[in-house]
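Comments concern the structure below.
Number of protein chains: 2
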Amino acid sequence: MSEHWRLTDKGVTDSHGQYISAIYRHMQILISAELAPYQIGSGQYIFLMAIAFQQPITQKALSEKLLIDKTTTAKAIAKLEAEGYVRREADPADNRYQLLYLTESGREVVPKVQEALGRVKSKTRKGITDEEYDLLLGLLKIVLRNLSKQEEMLE
Amino acid sequence: MSEHWRLTDKGVTDSHGQYISAIYRHMQILISAELAPYQIGSGQYIFLMAIAFQQPITQKALSEKLLIDKTTTAKAIAKLEAEGYVRREADPADNRYQLLYLTESGREVVPKVQEALGRVKSKTRKGITDEEYDLLLGLLKIVLRNLSKQEEMLE
DNA sequence: TCAAATAAGATGTTATTGCAACTATTATTT
DNA sequence: AAATAATAGTTGCAATAACATCTTATTTGA
């Protein structure tokens, strides 16, 4: 009874947070290794893929879509631009916006990045059925929504 | 057909990686805010809790248990020691090992950290039943195991 | 119309994290 | 027993990411 601070295993390890962070860190390492040949880091590929999906797009829109801070977005885009994968163009209608496009080089690298991400995805979801995977995504989506809501409440 | 690089929404957004990283980043923010009063950052609390669970423990054991690089562990422990929550003691049987103990201050803060983590956990798993949560943990566990195996293969 | 407010981005700083390379200590091999 | 291996931990460096603050451009309101 005097050991009120002693913890059960449940309390320490069995919460999604621990798994999420371990998975995140390990995936970062895997993805970095996969994309190293293209000089694309784990902090940039999401932006490259999002631009490939919707072109042109602004940094603001990217930040909101990916739920990433706008300063992080700015720096990631700067790297992608420095590598020659992305091109910036001021929006003629509103000069505050930078419209982002893939360059020729960017269009060439996107399928390779997509394949690399596919490899990582299939490695990591081995042993999980399609039904289970859908379920996993659904639950992760709920967790993420809870977190985003939390953020709105703070504003 | 010339647009072989154009992506479907599935390909870009519907993979666990995106959710994992977004959840990870947002949880880091939430936890940092919750633990700010105790001068404990999002990079330290896991170690504090793991030491509370098993005392004494070495940095090596912490790194393996938490799947975190030993240099990260070293730095986190250094911070916890600087804040006065953790005490280091060379293992008399093998001076390479540092045995880690909670200090009095550490024992006092652990329940508060636990409560804070509990708050974060219940906020983020809102709308998820116990059965679904168990399922989520199970699936995350599989993903993490796949990633750890990947690591072993590289050795 | 012109000042104030708002919006998009950029920059500087800080925290978390991992790799490479290093020190110190213990174990192994010859 | 001395030389070599292996192990635990530390340090320096670089990448990711967020917050605070600043700049520039647009919109709003008086």
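If you read the sequences in order, they're chains A and B.
Residue 80 in numbering that gives the first Met the number 0 is what sits at position 81 of the first sequence, and the numbering runs on without skipping anything.
Residue 78 in numbering that gives the first Met the number 0 is what sits at position 79 of the second sequence, and the numbering runs on without skipping anything.
The C-beta atom is built at its ideal place from N, Cα and C for all residues, glycine as well.
Proximity test, Cβ basis, 7 Å: residue i and chain B
i      : result
A:G42  : no
A:V112 : no
A:V11  : The pLDDT assigned to A:V11 is 46, lower than 50, so where the model puts this residue is not dependable; a value taken from the coordinates is nonetheless given after this. Cβ-Cβ to chain B under 7 Å: yes for A:V11.
A:E115 : The sequence given here places Ala at residue 115 of chain A; Glu does not occur at that position. Taking Cβ atoms only, chain B never reaches closer than 7 Å to A:A115, which makes this a no.
A:L99  : no
A:S14  : yes
A:L146 : yes
A:E2   : For A:E2, the predicted model reports a pLDDT of 34, less than 50, meaning its position is unreliable and no value from the coordinates is stated.
A:E154 : Low confidence applies here, because A:E154 scores a pLDDT of 41, under 50, leaving its location unreliable; read the following figure in that light. So, not an interface residue.
A:L6   : Low local confidence applies: a pLDDT of 45 at A:L6 is under 50, so the model's placement there is unreliable, with the coordinate-based value given in what follows. So yes, A:L6 belongs to the interface.
is_contact[residue i, chain A] using C-beta, thresh 7 Å
i      : result
B:G83  : no
B:S121 : no
B:K125 : yes
B:V108 : no
B:L37  : Sequence check: residue 37 of chain B is Tyr here, not Leu. It does not: the Cβ of B:Y37 has no partner Cβ on chain A nearer than 7 Å.
B:Y96  : no
B:S104 : no
Expected contact under 8 Å - CB spacing of residue i and residue j to nearest Å
i      : j      : result
B:Y37  : B:V108 : 5 Å
B:A75  : B:G42  : 5 Å
A:L101 : A:I56  : Incorrect: roughly 10 Å between the Cβ atoms, too far for contact.
B:L136 : A:D13  : 6 Å
A:A73  : A:Q58  : 6 Å
B:Y23  : A:I19  : 5 Å
B:F126 : B:S104 : It is worth fixing the name first, because residue 126 of chain B is Gly in this sequence and not Phe. Between B:S104 and B:G126 the Cβ distance is about 37 Å, and since that is not below 8 Å, they are no contact.
A:A21  : B:L66  : 5 Å
Enclosing alpha helix (DSSP H) for residue i [first to last residue]
i      : result
B:R118 : 103–123
B:T57  : Where B:T57 is concerned, there is no enclosing alpha helix (DSSP H), given that its DSSP letter is neither H nor E.
B:G16  : 15–34
B:I76  : 69–81
Host beta strand (DSSP E) of residue i (start-end)
i     : result
B:A89 : 85–90
Contact test: residue i Cβ vs the ligand FMN heavy atom, cutoff 6 Å
i     : result
A:I56 : Only the bare structure without any ligand can be found here, which leaves the ligand FMN out of the picture.
Exercise for review: Would you list, in chain order, the members of the segment 57–85 of chain A that have their beta-carbon closer than 8 Å to a beta-carbon of chain B?
Suggested key: L65, L66, I67
Exercise for review: Taking only beta carbons into account, state which residues of the segment 124–143 of chain A come closer than 7 Å to chain B, listed in chain order.
Suggested key: R124, K125, G126, I127, E131, L134, L135, L136, L138, L139, K140, I141, V142, L143
Check your understanding: At a Cβ cut of 7 Å, what residues of the segment 20–33 of chain B count as close to chain A, listed as they run along the chain?
Key -> For the segment 20–33 of chain B, the set of residues with a beta-carbon nearer than 7 Å to any beta-carbon of chain A comprises S20, A21, I22, Y23, H25, M26, L29, in chain order.
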